Amino acid sequence: MIILDNSIRTKSKAYSISKLITINTLGPEGTSSEYAAKNFITNFTLLQGVNSKLSLHDTFESCIEKTLQSPLEYTIVPHAYDGIKHFYMRPDLQLLQIFRCDTPMYGLAVRPGFEYTDDMLEQAVIVSHPSPINLIKYFTRKDVTFDLVNSTSAAAKRVKDGLSDIALTNELARQKYGLHFVKTFKSIPMSWSLFGKGEIHDEN
Numbered sequence: 294m295i296i297l298d299n300s301i302r303t304k305s306k307a308y309s310i311s312k313l314i315t316i317n318t319l320g321p322e323g324t325s326s327e328y329a330a331k332n333f334i335t336n337f338t339l340l341q342g343v344n345s346k347l348s349l350h351d352t353f354e355s356c357i358e359k360t361l362q363s364p365l366e367y368t369i370v371p372h373a374y375d376g377i378k379h380f381y382m383r384p385d386l387q388l389l390q391i392f393r394c395d396t397p398m399y400g401l402a403v404r405p406g407f408e409y410t411d412d413m414l415e416q417a418v419i420v421s422h423p424s425p426i427n428l429i430k431y432f433t434r435k436d437v438t439f440d441l442v443n444s445t446s447a448a449a450k451r452v453k454d455g456l457s458d459i460a461l462t463n464e465l466a467r468q469k470y471g472l473h474f475v476k477t478f479k480s481i482p483m484s485w486s487l488f489g490k491g492e493i494h495d496e497n
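Written as C-alpha cells, this is what we have:
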C-alpha cells in the first residue's frame, strides 16, 4: 500500500485515542472495497494509533451519507467508480487522502459442477459490478451481455443462489460463496480516495 497523503493523521490528532473512527465502504463482505479498507486500517490507522472499525454499505452514496453525519466517519472509494466525480465537487466533503491498493484477482466464476465452455460468453448473461466489465473485452475479445449489480460480491452471491450462471468477481468473493474460476484475468492496479466531513476542514 502506498500512502500519497497523510492528512487524516493531522485531523485525527484532535481526537482522543479512545475515540473510535469508522471507515465506510462498499459491501457486502468480499468486495475489493472491503479488501482495500481493511488494508488501509492495518497499514495506516493502526500504525498511527487511531482506533477504527469497518462499516459496509450497499452503495458508496450510503457511505457518504454516514460520513456527512460525523467528523469521525470516513469513506473509501475506488477511482474506478464513475460516481466518485460527484464526491469531489461537494462542498460538505473533503478529500483527505489518496492511496494505492491493488485488488484481489478478478475472473469468471461459476458454481461447482457447472459445465462452462468459452462459447457461452457470446450467449450467456454475465453478472458483474459495472467497474470491471472491460476485463472481458480486453481478455476475451468478445461482446458480452451483462446483468449489473452493486458489487462484485453481490455478483458472486447471485451465482451461488442459482440466479445467474457466470459472475465476473474477485478471489475473495469466489472463496466466500464457494465458486470456482473458469478464467482468471488480473489483480487490478487501483488507487482510492478517503473522504471526510467537510466541516473539519475549517481551520481559519
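Residue numbers (the working numbering): 294 to 497. Each residue gets a CB set at the ideal place from its N, CA and C atoms; glycine is no exception. Nothing here was measured: the structure is a model prediction, and the numbers come from that model.
Cβ-based neighbour list, serine 424, same chain, cut-off 8 Å, excluding 5 preceding and 5 following: Pro371, Ala373, Tyr374 and Asp375
Span separating the alpha-carbon of valine 475 from that of methionine 398: 13 Å
Start and end residues, alpha helix (DSSP H) containing tyrosine 328: 325-333
At least 3 beta-carbon pairs within less than 8 Å: the segment 447-463 vs the segment 356-369: no
Backbone CA spacing between glutamine 390 and lysine 469 [nearest angstrom]: 30 Å
Length-filtered (3 minimum) beta strand (DSSP E) runs lying within the segment 364-441: 366-371, 386-393, 398-403, 418-421 and 438-441
Spatial neighbours of glutamate 464 in its chain, beta-carbon cut-off 6 Å, leaving aside the 5 residues before and after: Pro397 and Met398
Beta-carbon proximity list for threonine 438, same chain, < 6 Å, skipping 5 on both sides: Val418
Inter-residue spacing [alpha-carbon to alpha-carbon] between valine 420 and cysteine 356: 23 Å
Cβ-Cβ separation, aspartate 385 to glycine 491 (assumed contact under 8 Å), whole Å: Your pair glycine 491 and aspartate 385 checks out as a contact, with CB atoms roughly 4 Å apart and the cut at 8 Å.
Reference glutamine 362; option with closest CA among Glu327, Phe407, Glu322 and Ile314: Ile314
Selection from Lys435, Ala449 and Arg434 that minimises the alpha carbon distance to leucine 441: Ala449
Presumed contact (8 Å Cβ cut-off) between phenylalanine 333 and serine 484, rounded CB distance: Phenylalanine 333 to serine 484, Cβ: 12 Å. No contact.
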